[in-house]
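Engineer:
2 protein chains.
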Amino acid sequence: MTDPTQERLLQAAEEVFAEKGFQGGSVREICKRAGANVAAVNYYFGDKERLYIEAVKYAHRACTQGTPLPNWTPDTPPLRKLGDFIRVFTTRMLQPSSAASLQLMMREMAQPTAACVEVVRDYIRPMAERLQAILRELKPDAVAEDLYLHGFSIVGQCLFYRQNRPIAALLVGDEGFQKFDVERVTRHITAFTLGALGLADRLPDCLESETAEVAR
Amino acid sequence: MTDPTQERLLQAAEEVFAEKGFQGGSVREICKRAGANVAAVNYYFGDKERLYIEAVKYAHRACTQGTPLPNWTPDTPPLRKLGDFIRVFTTRMLQPSSAASLQLMMREMAQPTAACVEVVRDYIRPMAERLQAILRELKPDAVAEDLYLHGFSIVGQCLFYRQNRPIAALLVGDEGFQKFDVERVTRHITAFTLGALGLADRLPDCLESETAEVAR
DNA sequence: ATTTGTATGAAACAATTGTTTGAAAGTCAA
DNA sequence: TTGACTTTCAAACAATTGTTTCATACAAAT
Chain A
5 MTDPTQERLL QAAEEVFAEK GFQGGSVREI CKRAGANVAA VNYYFGDKER LYIEAVKYAH
65 RACTQGTPLP NWTPDTPPLR KLGDFIRVFT TRMLQPSSAA SLQLMMREMA QPTAACVEVV
125 RDYIRPMAER LQAILRELKP DAVAEDLYLH GFSIVGQCLF YRQNRPIAAL LVGDEGFQKF
185 DVERVTRHIT AFTLGALGLA DRLPDCLESE TAEVAR
Chain B
5 MTDPTQERLL QAAEEVFAEK GFQGGSVREI CKRAGANVAA VNYYFGDKER LYIEAVKYAH
65 RACTQGTPLP NWTPDTPPLR KLGDFIRVFT TRMLQPSSAA SLQLMMREMA QPTAACVEVV
125 RDYIRPMAER LQAILRELKP DAVAEDLYLH GFSIVGQCLF YRQNRPIAAL LVGDEGFQKF
185 DVERVTRHIT AFTLGALGLA DRLPDCLESE TAEVAR
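For the record, the sequence lines run as chains A and B. Be aware that the first sequence starts at 5, since it is given in my numbering, and climbs by one per residue. Be aware that the second sequence starts at 5, since it is given in my numbering, and climbs by one per residue.
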């Protein structure tokens with residue numbers, strides 16, 4: 005574990021950069037939040053840019069440790085994997101373990117900085133490869149490009165609830181938006197996706213038994 | 005038409021704020037791009053914040069004038085409307101008439117500033133209401149919340165190609181991403197959505213005759 | 001030609017910014 | 001106890017920032 009001051013700086017940097025971006029976030033504000041001297045950034049990280057890069061890496065670790073994908077066995081059915089994937093990804097979007105970490109990763113995903121391309125790639129690629137593999141199991145004859153298109157449709161639905169949450173809340177109100185909890189959204193995205201894949205009747209194969217529906 | 009200097013300032017402000025955000029974008033850089041004196045911002049707009057608000061309104065006008073929705077008649081079938089909606093929205097995302105305008109609106113949608121909430125609402129609401137009305141025609145017995153969920157799934161797919169374009173390019177490469185042109189993405193999203201709605205065989209009803217497929 | 005109003009510009013201001021510096025305090029090993 | 005090393009701090013620096021000011025140029029009306 006790193007130095008406690010360094011850790012607090014990373015935590016504060018993550019929050020400030022998540023809220024305001026690299027240029028909008030100031031070294032002084034980060035140090036104030038971290039309870040550190042303004043010189044500490046240069047002492048521990050070299051300069052503001054290197055702090056930013058470390059903060060993105062820090063956010064990446066927090067995002068991938070939060071809600072892990074289950075360990076599937078070779079005989080886990082692909083529909084089950086698809087259900088698990090959607091549930092995990094939607095949970096990460098709607099109930100992130102660290103909102104600041106996710107927000108910073110979302111910023112980098114929307115507008116990657118050159119220095120963080122590797123971090124973003126390491127964040128996206130494992131998920132993307134798993135989804136591509138699931139879709140290939142479900143559609144062995146499809147071309148790779150079509151599988152990507154399906155994958156983008158699936159991921160686009162999940163990301164909407166994080167990236168466009170203010171829009172959704174604007175349309176249905178904050179109270180209305182609360183009704184779209186993780187379980188309901190997960191169930192909807194899974195059902196929508198299965199319908200698109202021509203597997204509309206297979207929803208139970210995707211869901212765990214304890215997600216028996218109670219909503220009208 | 006407003007004063008040419010004022011117009012150039014708005015244009016430059018839109019670009020700079022789109023790229024760097026409100027705090028990251030400086031008055032001096034905007035004026036440099038506009039070929040105007042730094043005092044011009046305060047002369048024409050009062051201060052930086054008011055310039056920002058006007059730039060967002062300016063972007064809003066550009067976005068809504070670019071690719072308009074068709075004027076449907078009362079007997080236009082809902083599947084045709086759905087197809088048109090997806091095509092128009094996807095075109096706006098993949099081939100915006102003004103990339104800077106769209107990027108600034110996307111920024112405001114992802115992280116609305118208090119002063120621009122009305123502008124964002126005016127941007128989103130007409131599209132949202134039209135989509136909600138189309139979905140209601142297609143599913144008269146559905147509850148409003150479920151229609152919203154479907155709407156979010158449709159819009160999430162379209163937005164993905166704008167908001168997560170760097171991710172997609174990271175996964176499939178820039179050259180690979182070029183293959184996902186407007187027609188192909190539109191066709192895919194429409195097909196995906198119809199499948200989800202239990203209307204998988206109705207794709208031709210959504211598409212115009214001249215979009216006869218030529219791709220492999 | 002003169003007056004009035006508009007637009008532009010250079011310069012200045014106060015505040016903020018990222019970074020550096022040398023001193024002081026704290027910690028650890030010998 | 002002493003010396004070496006690490007960490008923290010206040011202060012300072014140069015650069016940038018948003019805004020203001022006053023002078024100048026230009027345009028329009030009389």
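Glycine included, each C-beta is placed from N, C-alpha and C at the ideal position. Nothing here was measured: the structure is a model prediction, and the numbers come from that model.
Mark Asp88 (chain B) as exposed unless 16 or more other C-beta atoms lie within 10 angstroms of its C-beta, in which case mark it buried.
Structural biologist: Answer is buried; the Cβ neighbour count reaches 16.
Engineer: What is the DSSP secondary structure of Thr117 (chain A), counted as helix, strand or coil?
Structural biologist: The answer is coil: DSSP assigns Thr117 (chain A) none of H, G, I, E or B.
Engineer: Measure the beta-carbon distance from Asp209 (chain B) to Leu83 (chain B) and round it to whole angstroms, keeping in mind my assumption that it falls under 8 Å.
Structural biologist: Contact holds; Cβ gap of about 4 Å.
Engineer: Taking CB distances under 8 Å as the criterion, tell me whether Thr9 (chain A) reaches chain B.
Structural biologist: With 8 Å as the cut-off, Thr9 (chain A) does not count as an interface residue toward chain B.
Engineer: How would you list, in chain order, the residues of chain B whose beta-carbon sits under 8 Å from the beta-carbon of Arg125 (chain A)?
Structural biologist: Residues of chain B passing the Cβ test: Leu174.
Engineer: Do you know offhand how far Ala200 (chain B)'s Cα is from Gly202 (chain A)'s?
Structural biologist: Spanning the two alpha carbons is a distance of roughly 8 Å.
Engineer: Any C-beta of chain B within less than 7 Å: which residues of the region 13-36 of chain A qualify?
Structural biologist: Of all residues in the region 13-36 of chain A, Lys24, Gly25, Gln27, Gly28 have a Cβ within less than 7 Å of some Cβ in chain B.
Engineer: Find out if the Cβ-Cβ distance for the pair His64 (chain A), Tyr165 (chain A) is shorter than 8 Å.
Structural biologist: Contact: no.
Engineer: How would you write the range of the alpha helix (DSSP H) that Ala173 (chain B) sits in, first residue to last?
Structural biologist: That run of the alpha helix (DSSP H) goes 169-182.
Engineer: Taking 8 Å as the threshold (C-beta atoms), are Val159 (chain B) and Leu108 (chain B) in contact?
Structural biologist: No, they are not a contact pair.
Engineer: Roughly how far, in whole angstroms, is the beta-carbon of Ala114 (chain B) from the beta-carbon of Gln99 (chain A), given that I think they are within contact range, below 8 Å?
Structural biologist: Ala114 (chain B) to Gln99 (chain A), Cβ: 19 Å. No contact.
Engineer: When you compare only the Cα positions, how much space is there between Tyr47 (chain A) and Asp7 (chain B)?
Structural biologist: When rounded, the distance between both Cα atoms is 50 Å.
Engineer: How would you write the range of the alpha helix (DSSP H) that Ala22 (chain B) sits in, first residue to last?
Structural biologist: 8-28 is the extent of the alpha helix (DSSP H) around Ala22 (chain B).
Engineer: Is the distance from the Cβ of Thr71 (chain A) to the Cβ of Ser105 (chain A) below 8 Å?
Structural biologist: Result no, Cβ atoms of Thr71 (chain A) and Ser105 (chain A) do not sit closer than 8 Å.
Engineer: Below 7 Å on C-beta distance, what does His230 (chain B) contact in chain A?
Structural biologist: A question about residue 230 (chain B) goes unanswered here, because the residues of chain B that appear run from 5 up to 220.
Engineer: Rounding to the nearest angstrom, what Cα-Cα distance links Thr9 (chain A) and Ala43 (chain A) in this structure?
Structural biologist: Between Thr9 (chain A) and Ala43 (chain A), the C-alpha separation is close to 12 Å.
Engineer: Just the Cα atoms here: how many angstroms apart are Gly25 (chain B) and Gln136 (chain B)?
Structural biologist: Between Gly25 (chain B) and Gln136 (chain B), the C-alpha separation is close to 31 Å.
Engineer: Is the beta carbon of Leu55 (chain A) closer than 8 Å to that of Ala22 (chain A)?
Structural biologist: No.
Engineer: Using a threshold of 8 Å, state whether the C-beta atoms of Ile90 (chain A) and Thr197 (chain A) are closer than that.
Structural biologist: For Ile90 (chain A) and Thr197 (chain A), yes; Cβs fall inside 8 Å.
Engineer: Nearest chain A C-beta to Pro130 (chain B) closer than 8 Å, yes or no?
Structural biologist: Pro130 (chain B) does not count as touching chain A.
Engineer: When the Cα of Ala118 (chain A) is compared with those of B:Pro170, B:Pro116, B:Arg111, B:Ala119, which residue comes out closest?
Structural biologist: Checked all of B:Pro170, B:Pro116, B:Arg111, B:Ala119; the closest Cα to Ala118 (chain A) is B:Pro170.
Engineer: Flag Ile193 (chain B) as yes if its beta-carbon sits less than 8 Å from any beta-carbon of chain A, otherwise no.
Structural biologist: It does; some Cβ of chain A falls within 8 Å.
Engineer: Ignoring anything shorter than 4 residues or poking outside the region 84-160 of chain B, list the alpha helix (DSSP H) runs there in chain order.
Structural biologist: DSSP runs (the alpha helix (DSSP H)) wholly in the region 84-160 of chain B: 103-114, 121-142.
Engineer: Against chain A, with Cβ distances strictly below 8 Å, would Gly177 (chain B) count as a contact?
Structural biologist: Closer than 8 Å: no.
Engineer: Within 10 angstroms of the Cβ of Ala103 (chain A), are there 16 or more other Cβ atoms? Answer buried if so, exposed if not.
Structural biologist: Label assigned to Ala103 (chain A): exposed.
Engineer: So which residues on chain A does Val159 (chain B) lean against when the C-beta distance must stay under 8 Å?
Structural biologist: Near Val159 (chain B) (Cβ distances below 8 Å), the residues of chain A are Phe164, Asn168.
Engineer: Tell me, to the nearest whole angstrom, how far the beta carbon of Val124 (chain B) is from that of Leu174 (chain A); I am working on the premise that it is less than 8 Å.
Structural biologist: At roughly 7 Å, the Cβ-Cβ gap stays under 8 Å, so Val124 (chain B) and Leu174 (chain A) are in contact.
Engineer: Given that a residue counts as buried once 16 or more other Cβ atoms are within 10 Å of its Cβ, and exposed if not, what is Glu58 (chain A)?
Structural biologist: Buried is the call here.
Engineer: Measure the Cβ-Cβ separation of Cys162 (chain A) and Thr94 (chain A) and say whether it is below 8 Å.
Structural biologist: The answer is yes: Cβ separation under 8 Å.
Engineer: So which residues on chain B does Ile171 (chain A) lean against when the C-beta distance must stay under 7 Å?
Structural biologist: The answer, in chain order, is Met113, Ile128.
Engineer: Once you ignore the five residues that flank His154 (chain A) on each side, which residues in its own chain have a CB closer than 6 Å to its CB?
Structural biologist: Within the same chain, His154 (chain A) has close Cβ partners Leu139.
Engineer: For Tyr62 (chain A) and Arg134 (chain A), I'd like the C-alpha separation in whole angstroms.
Structural biologist: Straight-line Cα distance between these residues: approximately 23 Å.
Engineer: Between the alpha carbons of Lys85 (chain B) and Thr194 (chain A), how many angstroms are there, rounded?
Structural biologist: Cα-Cα distance, rounded: 25 Å.
Engineer: By the DSSP assignment, the alpha helix (DSSP H) with Leu201 (chain B) in it spans what residues?
Structural biologist: No alpha helix (DSSP H) holds Leu201 (chain B); DSSP gives it neither H nor E.
Engineer: From Glu217 (chain B) to Asp205 (chain B), what does the alpha carbon distance come to, in whole angstroms?
Structural biologist: Low confidence applies to Glu217 (chain B): its pLDDT is 41, below 50, so where it sits in the model is not reliable, and the reading given next is rough at best. Rounded to the nearest angstrom, the two C-alpha atoms are 16 Å apart.
Engineer: Pull up the distance between the alpha-carbon of Tyr143 (chain B) and that of Phe49 (chain A), whole angstroms please.
Structural biologist: Contrary to the premise, residue 143 (chain B) reads as Lys rather than Tyr in this sequence. Going by the C-alpha atoms only, they are around 57 Å apart.
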